[in-house]
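Below is one structure, written out as structure tokens; the observations come after it.
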Amino acid sequence: MSAEPLTLQSFLRGEVCAAHFPHREHVRMAFEILGRHDFAEALLHYSRTLRSMTARAGKPQAFNQTITVAFLAVIAQRMAQSPGQDFAAFAERNADLFDKSLLRRWYRPEQLASPLASRTFLLPDPPGERA
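In this note's numbering, the protein residues as written are 35 to 165.
Spelled out as structure tokens, the structure:
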């Protein structure tokens, strides 16, 4: 892989290998796509690209619809609350997005790891049901 930073266009064209796509790049590509599309359109493109990436890597089971939708929704909300930031400023203000366990605020680990969560978006647990 080249030393040049990944662009949204190369991401959407599938020109990135899953092995070279750490969580920070997931967040950055989500930020970029949400900056160009409304949430529904961004979700379509983002999830399609991630699903294709995991399939090319021989790990289609690695794609998780619930994690994808939930993270994208949190990123979109944060962007809407503080519009006009570049990614560096956004990342600095939202450091918790780079912690993969962030979704434990709303989901139990076993819920996120379930086959159902991989196939379809699951709503978060009601507050009284979270451990």
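Idealized CB from N, CA, C, for every residue including glycine.
Quiz item: How would you label Q43, buried or exposed, when you count the other beta carbons within 10 angstroms and need 16 or more for buried?
Solution: exposed
Quiz prompt | C-alpha distance - M35 paired with T154, whole-angstrom precision | solution = Note that M35 scores a pLDDT of 43, beneath 50, so its modelled location is shaky; the value from the coordinates is reported in the next line. So the alpha carbons of these two residues sit roughly 32 angstroms apart.
Quiz prompt | Nearest-angstrom Cα separation, counted from H57 out to N128 | solution = 14 angstroms
Quiz item: Taking all protein chains shown into account, do 16 or more other C-beta atoms lie within 10 angstroms of the C-beta of P160, making it buried, or fewer, making it exposed?
Solution: exposed
Self-check item: Residue from V103, A91, R82 whose Cα sits closest to the Cα of F73
Solution: V103
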